[in-house]
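Here this note's numbering is used: position 39 in the sequence shown is 39, and no number is missing along the way. Quick reminder that beta carbons are idealized off the backbone N, C-alpha and C, glycines included. Heads up, the thing below is written out as structure tokens.
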Amino acid sequence: MDTVFPFGLPGPTVLYLVLYLATLVIHVLFMNYVLAGTGYLAAISLFEKRLPEQESGLVARTLREWLPFMLSAAITAGIAPLLFVQILYKKSFYTANLLLFHRWMAILPVLIVAFYLLYLWKAKRVLAWPRLVTVPLGIVTFGCFAFIAWSWTENHVLSVNPGAWTAHYAAGNMIYRNREVLPRLAVWFSGAFPTMALLLSWQLWYLQRDVPDQEVQGRQRMSLLALGGLCIAALSTALYVASVPSEIRDVIFSRAGIVYLFLAGCGWGVQFASWVQMKRAGRFERIWLTTASVGLLMTLCGTAVVREIARWVRLNGNELSAWHEEASQVGGLPLFLIFFVINIGLISYCIVRVRRGLVTES
Ligand code: HEM
């Protein structure tokens, strides 16, 4: 691969790749909120001071209130990349699914249990329960999402290592051990915190827009979570890059990937600088939230493309283009566009209704 990705690739391949990457980034935004949000709640359940009337602080309260919705959004936003990944890498994706067998299917019951647990967390009376119950509850809830993240990562790593398939099947393993899995998972876990901190900060900014500076809650904590997450994510990325085969590393640093690596790095810098400013400011400032959002988008898009370049090279992507061409002839685009417009209309209608409801309430 000697051109900047995806230049030089056939039209249908580029179309599916762009749609896959755009929809994956949306999935990652919501998924990060859920992963880091439940991790945060599990951690604070150990030492959280409860306010009178069993009320928790604004940060934890907002998370508990929003997590079920964010999980629905993560699941819904996962469907589109799931469809595109099957068109792009049919054989390797299905093979990894089949090889992981029950382990892969376990995602579904675990997801259902996790969903109910999030609703349990929302109930006020749960906060009155003793720590002996709430701490394990927090750990199990986070554990469910950690298991799901681990399964997606393991599936991905197995899918891009066709050389390991026969031995994996012959051994009847349901866990795929590879030195890339842990550092890769560490990138996802640590990277989830800056995203969660940012989305939650926007919520806190909105909820406290009329509150005096000295009463604003959560700013320091969100800044620290984001800055800590950014530093650990950078370290984990370095470890991960060191764990991949050298020929893949060469491609990432070649002309094909360097632009996106640079984009991701610049986004990291923009986020870091924005959070430092936010930490110094007296309250959540819209300007720093906006610059951090731009930085986050740069990092997510850059990282998603680098991730794809590595897979493309490992699976000899150019050989898959004929299949993409065939898939593009099957049709269905007009139907897709009709439902796309209808759904955008319905979502906009819901937003307008909720906004009107909020205005009438206040
Ligand atoms: C909250 C629960 C979930 C978590 C924590 C989660 C986590 C992840 C992680 C960590 C990855 C990246 C894997 C890697 O590159 O190493 C990923 C990718 C992905 N996830 Fe999710 N996920 C969740 C739910 C879902 C659901 C329900 C769907 C489908 C409806 C889904 C669809 C996808 C797809 C299509 C990819 C890309 C797979 C690939 O390109 O190989 N996710 N997810």
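CB of residue i within 8 Å of CB of residue j, strictly
{"i": "Leu-21", "j": "Val-305", "result": "yes"}
{"i": "Leu-296", "j": "Gln-329", "result": "no"}
{"i": "Val-18", "j": "Arg-255", "result": "no"}
{"i": "Ser-201", "j": "Phe-284", "result": "yes"}
{"i": "Ala-106", "j": "Leu-35", "result": "no"}
{"i": "Leu-88", "j": "Leu-320", "result": "yes"}
{"i": "Leu-71", "j": "Phe-7", "result": "no"}
{"i": "Leu-67", "j": "Leu-111", "result": "no"}
{"i": "Arg-243", "j": "Arg-179", "result": "It is Ser, not Arg, that sits at residue 243 in the sequence shown. For Ser-243 and Arg-179, yes; Cβs fall inside 8 Å."}
{"i": "Val-187", "j": "Tyr-260", "result": "no"}
{"i": "Met-278", "j": "Trp-268", "result": "no"}
{"i": "Pro-237", "j": "Leu-29", "result": "Reading off the sequence, residue 237 comes out as Thr, not Pro. Not in contact: Thr-237 and Leu-29 (Cβ atoms no closer than 8 Å)."}
Presumed contact (8 Å Cβ cut-off) between residue i and residue j, rounded CB distance
{"i": "Leu-158", "j": "Leu-100", "result": "7 Å"}
{"i": "Asn-155", "j": "Trp-104", "result": "6 Å"}
{"i": "Gln-214", "j": "Val-59", "result": "That pair is no contact at about 17 Å."}
{"i": "Leu-120", "j": "Val-126", "result": "6 Å"}
{"i": "Ile-252", "j": "Ala-310", "result": "6 Å"}
{"i": "Ser-190", "j": "Gly-229", "result": "5 Å"}
{"i": "Tyr-40", "j": "Leu-63", "result": "7 Å"}
{"i": "Ser-293", "j": "Leu-207", "result": "No, Ser-293 and Leu-207 are not in contact; Cβ-Cβ is about 18 Å, not under 8 Å."}
{"i": "Ala-264", "j": "Met-298", "result": "7 Å"}
{"i": "Gly-138", "j": "Ala-73", "result": "Contact doesn't hold; Cβ gap of about 21 Å is too wide."}
Spatially closest choice to residue i from the options, by CA coordinates
{"i": "Ala-365", "options": "Ser-243, Ser-274, Glu-247 and Phe-193", "result": "Outside the shown range of the chain, which is 1 to 362, sits residue 365, and nothing can be said about it."}
{"i": "Cys-266", "options": "Ala-234, Ala-164 and Lys-279", "result": "Ala-234"}
{"i": "Lys-91", "options": "Gly-317, Gly-332, Leu-207 and Val-354", "result": "Gly-317"}
{"i": "Pro-212", "options": "Thr-38, Val-354, Ala-164 and Gly-282", "result": "Gly-282"}
{"i": "Arg-131", "options": "Trp-205, Val-140, Trp-288 and Leu-46", "result": "Leu-46"}
{"i": "Tyr-16", "options": "Gly-57, Pro-81, Ala-43 and Ile-26", "result": "Pro-81"}
{"i": "Lys-122", "options": "Leu-108, Thr-141 and Pro-162", "result": "Thr-141"}
Burial state of residue i (16 or more Cβ within 10 Å)
{"i": "Ser-223", "result": "buried"}
{"i": "Val-160", "result": "buried"}
{"i": "Thr-290", "result": "exposed"}
{"i": "Thr-13", "result": "buried"}
{"i": "Arg-219", "result": "buried"}
{"i": "Val-85", "result": "buried"}
{"i": "Tyr-33", "result": "buried"}
{"i": "Val-181", "result": "buried"}
{"i": "Phe-336", "result": "exposed"}
{"i": "Gly-332", "result": "exposed"}
{"i": "Thr-76", "result": "exposed"}
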